[in-house]
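If you count the sequence shown from 1, you need to add 206 to reach our numbering.
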Amino acid sequence: MPIVASTRLDLWRSILHARGFRYGFESWWRSRPAKLVGSPAALPRTVPDESCIRAIHEDFRHNFRKLESWHLRHRTKILDAKYDKSLAQIQKELRAPAPEQVDTLQFRRSHAILATASSGVQVHVEGPLDLRGTSAWAIDGEPVDLISCEDNVCTLASPVSSIGLELEQVQTLSSVADVHSEFVSVWAARWQQHTSVDWSRFLNFVRAFLPSRPFDLPDIDASMWSRALRRFKPRAARGPDGWARDDLLKLPPQRTAELLGLLRAIEAETQPWPRQLLVGFVCLLSKDNGRTDTQGYRPICVYSIIYRAWAGIRAQQVLRILRGLVPEDLFGFIPGHETTELWYAVQLEVEQCCQTGDRLLGMSTDIVKCFNHLPRLPLLGMAAHVGFPARLLGPWSTFLQSTERRFLVRGQVSPPVLSSCGFPEGCPLSPVAMVLADWAFHIYMKAFLPPVRPLSYVDNLACLARTPFDLARAFNSVQCFMDMLQLTLDASKTYVWATDASARRSIACLGPPVVEATRELGGIMSFGASVRNAALKDRCQALGPTWKALARSRAPACLKIHTLPSKCWAKAMHGIAGVPLAEAQLQQLRTAATTAIKIRPAGVSSLLRLSLSSPDTADPGFYQLWCCARDLRRMAGKLPNLLSHWRTFAARYDGRQLHGPFTKLVQVFAQIGWSVQTPPLVMDHEGLLHNFLTLPLMLLRRLLEHAWLQYVASRHTHRAAMFDLKGLDPALLQADLSRLSALDNSRLATVRAGAFLFGHQHAHYDLRKDGLCPLCQQPDTVEHRVRFCPRYADLRQPHQWVCDAWPSLPTSLTHHLLPSANPHLPALRGMLQATADTTGVFFSSGFGDGWQHVFTDGSCLDFACPDLALAGWGLIHAHGATALACGVVPGLLQSAPRAELCAMKAAARWAIFTRQPCIVWSDALNVVEGVHALQDGRPRPSNADSDLWTELAALLEQLPQANFLVHHTPSHLDKGLTDSPFEDWLAVHNGHADTLAGLANRNRPHALRTTHAAALQYHNTTLEALRALRAIFFGIAEHSRHSTSQANHAAEDDEEFQAPPTGCSSKLVDLEDVLSLDWRSQLGSCIFEFPNSFAAWGWILF
207 MPIVASTRLD
217 LWRSILHARG
227 FRYGFESWWR
237 SRPAKLVGSP
247 AALPRTVPDE
257 SCIRAIHEDF
267 RHNFRKLESW
277 HLRHRTKILD
287 AKYDKSLAQI
297 QKELRAPAPE
307 QVDTLQFRRS
317 HAILATASSG
327 VQVHVEGPLD
337 LRGTSAWAID
347 GEPVDLISCE
357 DNVCTLASPV
367 SSIGLELEQV
377 QTLSSVADVH
387 SEFVSVWAAR
397 WQQHTSVDWS
407 RFLNFVRAFL
417 PSRPFDLPDI
427 DASMWSRALR
437 RFKPRAARGP
447 DGWARDDLLK
457 LPPQRTAELL
467 GLLRAIEAET
477 QPWPRQLLVG
487 FVCLLSKDNG
497 RTDTQGYRPI
507 CVYSIIYRAW
517 AGIRAQQVLR
527 ILRGLVPEDL
537 FGFIPGHETT
547 ELWYAVQLEV
557 EQCCQTGDRL
567 LGMSTDIVKC
577 FNHLPRLPLL
587 GMAAHVGFPA
597 RLLGPWSTFL
607 QSTERRFLVR
617 GQVSPPVLSS
627 CGFPEGCPLS
637 PVAMVLADWA
647 FHIYMKAFLP
657 PVRPLSYVDN
667 LACLARTPFD
677 LARAFNSVQC
687 FMDMLQLTLD
697 ASKTYVWATD
707 ASARRSIACL
717 GPPVVEATRE
727 LGGIMSFGAS
737 VRNAALKDRC
747 QALGPTWKAL
757 ARSRAPACLK
767 IHTLPSKCWA
777 KAMHGIAGVP
787 LAEAQLQQLR
797 TAATTAIKIR
807 PAGVSSLLRL
817 SLSSPDTADP
827 GFYQLWCCAR
837 DLRRMAGKLP
847 NLLSHWRTFA
857 ARYDGRQLHG
867 PFTKLVQVFA
877 QIGWSVQTPP
887 LVMDHEGLLH
897 NFLTLPLMLL
907 RRLLEHAWLQ
917 YVASRHTHRA
927 AMFDLKGLDP
937 ALLQADLSRL
947 SALDNSRLAT
957 VRAGAFLFGH
967 QHAHYDLRKD
977 GLCPLCQQPD
987 TVEHRVRFCP
997 RYADLRQPHQ
1007 WVCDAWPSLP
1017 TSLTHHLLPS
1027 ANPHLPALRG
1037 MLQATADTTG
1047 VFFSSGFGDG
1057 WQHVFTDGSC
1067 LDFACPDLAL
1077 AGWGLIHAHG
1087 ATALACGVVP
1097 GLLQSAPRAE
1107 LCAMKAAARW
1117 AIFTRQPCIV
1127 WSDALNVVEG
1137 VHALQDGRPR
1147 PSNADSDLWT
1157 ELAALLEQLP
1167 QANFLVHHTP
1177 SHLDKGLTDS
1187 PFEDWLAVHN
1197 GHADTLAGLA
1207 NRNRPHALRT
1217 THAAALQYHN
1227 TTLEALRALR
1237 AIFFGIAEHS
1247 RHSTSQANHA
1257 AEDDEEFQAP
1267 PTGCSSKLVD
1277 LEDVLSLDWR
1287 SQLGSCIFEF
1297 PNSFAAWGWI
1307 LF
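Okay, structure coming up:
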């Protein structure tokens, strides 16, 4: 008994301190929401008696049921909270399902029937049958049951109806051992080749044609190792050794140093690879190609994260070195290159030939299981010839010889499989081997067939030729190169093409199919003058499941809109930069998106709704415009012949609609009023010329946004309430949005999109409504609600002035809160465009011959509105606060960072002009750090001001680093708070530079100042009216919402109140407490004189 009492006391103490309650169950009990009569006020410290326990149980159950009821009532709010201000949940909902791993295999086999017994129950088949697993059998499509099989003679359960020709088997293997056996037999044959091949032909070619440029690699230090580990995702796959990314990052420094020492010993070949790092688990992921056998799964090998980090560091270093050695048309795995380059380069060549009438031919092919079939010995020999260091080749070669791969199925691994050929998919060094093979291919084609231009991206090889004869030779040369490396071309992915019909007829005899259009590496290509965009339309139509998932999601509309560019348009319009697409197709995408997001009430324009949303790429039309402009700029920096082709195209452009990036750019520019002049010059919708390739990316985006909004406005002037809409002002559209609640933002977006707001508009399509104000019996128009309806007199009273000014305001502003474009901005931008660069105009040549201390600063006015900002800069000398130079920022992009950069540029030019050593003091930390990066040879900062950084980099190359020192000083130091004479000196001269920059910024021509003042006044006046009208609109919406809510609550109260039937009494018992858990089985075992179903209902009602 003492043991039982002790056990009960321990249990009761555990209940009192239960972790499921904040501060324990005992503390929760004192502050529980509901307290029943008869329950103890505080829980006893000792084990309570039975009556007390019952009271505690009843009280706790009552509170639990109240919590459960509350949870059910607020379940929607709890679900909605998961989406609040986060895209993670909605992206998870829209994400394509991860490929399934192999579980079972299913094979379809056919066996020829050699003979059939006269009884029809036995058949003799050709070859042995595989009876593993389970199988379904059929003879010529008729199902049969197989009883036994001996010596290829199969006995059937029943005779066949007719003499069959073929025994069909559908075999399912579910045993892990059988699945392992199948994959091992298939992949071991591929991985164990090239054991006795003479590679002298390839190696002799390498020695004869490839350069030898020996290089070395630095030791891997702790910082390099840490950066490599942080590049892995936090949940990166663990290898067979069990190490995770975070495990390695959290190792003590001493253990990390020991690990790096082990890797250095392996590189020096004084220590072998630990066996744990040589093992790789092969995960088999479904290809979704309809196959259920071994060909339906893709093997991905997962090695230790230690090996992957080491190999990743070395691969990255080697690829950076190879970037300066390999041909410019080798795109795969080379840093700075991408898949788009291959199809973009081919398509612009095709487009130009179709324009000029020149002939162009080409071929494209792929290598079968390339990584698994690449020969090791010749490629490692090529690496040694090129100059790879022994510290890389030695451990890499040893790893390849010793690595063993094991197939992972349902947590079980297969026997090890060694390999003698191929480079494992999953090893970061395998791309280096692929680059070597591609490099050899390019050199081979250049050496033996100079007229042909080879291109490659990983295992995708292409050639361009001018004559059918050259293409035939190129096709033969590619096959010869493949034979030299014992590789096989994939016939299903090999094709040839030509830009004219006669050439197509000539190359038809080569063997591969002749195509006129295809999809290649994400691009949609047409090899002729015809436009072929069927593949792009199919992609748009394939968004159906995404629209359904978007409609099901409980995420707020703003998050759904935010995901449109990345989850919808990127999928549907991948490769749009070279493919024409009709406006009707874009409108279908808009309609589908707004319908799925449920933001398309009556009157709403999908074009307006998406174009005025954030981001602006939520509209597929602007997404298309931005992709075309951005991709051509990016490709111009990667394809050296693009600018010359563009100039040729522009000079010969005759208005024909061709399939290619240049025609596409002309089309999307014409839509917004832009035009291509002499490339790279383009003219915008306001008649200003810009260098399309050097224009800051941020400015290009802003100009395109302005032009797109003008186009959107022009598409809606046919509406009665928008007839006077003259463009749209992006600054006014975005004003105050960050201060509004999510509900008010949604209301504003709906009003601006043209929604029918009040009864007069709804009556046009809803015959149940008369369109009259229920209070005034006047037409329920926007003007009546806002200006005259007495119901909203209190709402308009603080903003009566805007109601009085109603007749003078644009209808588009008063009815839909759409501000027209600022009419003074075009003139202002023209003046800013014409502003001269004065960073080379100096007022003094310095003082003395020693170090010159120079202070720089920038100033920006009205920076809150980028379109109205004005920026200037100043440069002073510390000797007497002498002004050395000052001026305003030239160009349309006016900002404080650009002003600081202009000041630094002036300082560099002054140092070159005076040829004296300078110490430059700047309060812009980003500029100081950027200058240090340029002086140290690191990449220049990549941001919106790339044009100024490029100019500054060219100036710094002319200055010895030791004679041009740049230091940071805090900005706007208060001299009264400084601690030393040095700080006083910094504060004084930094203040002088700031004053000079401010004066220079205000010292502008009278015409510019007048125009800027007019533009600023228009902005402020319109913004004030917009805020007043918005307040009235929101007040009306809130008033209507409260009225509707009160009416709904009253209706609910009426529905919920029901008088109890006469003669009813209150429920005496709770059935779920009275009935036993197995009451149904007890009821079924009883014998009644009436049906069991009737008895069941009677039991329940009782």
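For each residue, glycine too, the CB sits at the ideal point set by N, CA and C. Note that the coordinates shown come from a computational prediction; the quantities given were computed from them, not determined experimentally.
The stretch 1023-1099 is shown to contain whole alpha helix (DSSP H) runs of 4 or more residues at 1031-1039, in chain order. With respect to the 8 Å criterion, Ala1077 and Ala1105 are classified as neighbours on the basis of their beta carbons. Rounded to the nearest angstrom, the Cβ distance from Ile511 to Ala442 is 6 Å, consistent with a contact under 8 Å. In the DSSP annotation of this structure, the continuous segment of the beta strand (DSSP E) that includes Thr340 starts and ends at 340-345. The three-state reading of DSSP puts Cys995 in coil, since its state is none of H, G, I, E or B. When DSSP states are grouped into helix, strand and coil, Phe1170 belongs to the strand group. In this structure, Leu371 lies away from Val327, with their beta-carbon atoms at least 8 Å apart. When secondary structure is reduced to three states using DSSP, Arg659 falls in the strand class.
Residue ranges of uninterrupted beta strand (DSSP E) with 3 or more members, entirely inside the stretch 572-657 and ordered along the chain, are 610-615. A distance below 8 Å separates the beta carbons of Phe577 and Gly628.
The criterion of a C-beta distance shorter than 8 Å is satisfied by Gln1058 and Pro1123. Under the Cβ criterion (8 Å, minimum of three pairs), the stretch 669-677 does not count as touching the stretch 519-527. Cβ neighbours of Asn951 within its own chain (closer than 8 Å, five residues either side excluded): Cys764, Leu943. For His330, no alpha helix (DSSP H) run applies; the uninterrupted beta strand (DSSP E) run containing it begins and ends at 328-331, by DSSP. Taking the CA atoms as reference points, Glu892 sits about 26 Å from Gly1093. Taken in chain order, the complete alpha helix (DSSP H) segments of 4 residues or longer contained in the stretch 446-527 are 451-455, 459-473, 481-484. If you ignore the 5 residues before and after Met928, its C-beta comes within less than 6 Å of the C-beta of His922, Ser1018, all in its own chain and listed in chain order. Among the bridge pairs identified by DSSP, Pro349 is matched with Ala344. For Met904, the three-state secondary structure derived from DSSP is helix. Under the three-state reduction of DSSP, Leu362 is assigned to strand. With a minimum length of 3 residues, the unbroken runs of beta strand (DSSP E) contained wholly in the stretch 365-416 fall at 372-379. Shown here, Ser1101 sits in coil according to DSSP, grouped into three states, outside any helix or strand.
Across the set Gly1097, Pro674, Thr797, Gly617, the C-alpha of Thr797 shows the shortest separation from the C-alpha of Trp753. Distance check between Ser732 and each of Leu887, Trp645, Ala757, Trp703 places Trp703 closest, using alpha-carbon atoms only. Here Gln883 is exposed. Its C-beta has fewer than 16 other C-beta atoms within 10 Å. In this structure, Arg991 and Ile1242 form a Cβ contact; the two beta carbons are roughly 6 Å apart against a cut-off of 8 Å. Three or more Cβ pairs drawn from the stretch 540-557 and the stretch 834-849 lie within less than 8 Å of each other, which places the two stretches in contact. For Leu1107 against Leu1140, the beta-carbon gap comes to about 12 Å, at or over 8 Å, which does not count as contact. Distance from Ile713 to Val721 at the Cβ level is roughly 11 Å; contact not present, criterion being Cβ atoms closer than 8 Å. Residue range 826-842 is occupied by the alpha helix (DSSP H) that includes Tyr829. When the five nearest sequence neighbours on each side are left out, the beta carbons in the same chain lying within less than 6 Å of the beta carbon of Thr987 are those of His966, in order along the chain. Across the structure, Met779 and Pro786 are spaced so that their CA atoms are roughly 11 Å apart.
For Trp431, the enclosing alpha helix (DSSP H) stretches over residues 428-436. Per the DSSP secondary-structure output, Trp1127 pairs in a beta bridge with Phe1061, His1173.
In this structure, DSSP gives Gln863 a state outside helix and strand, which the three-state scheme calls coil. Boundaries of the alpha helix (DSSP H) harbouring His768: 763-769, taken from the DSSP string.
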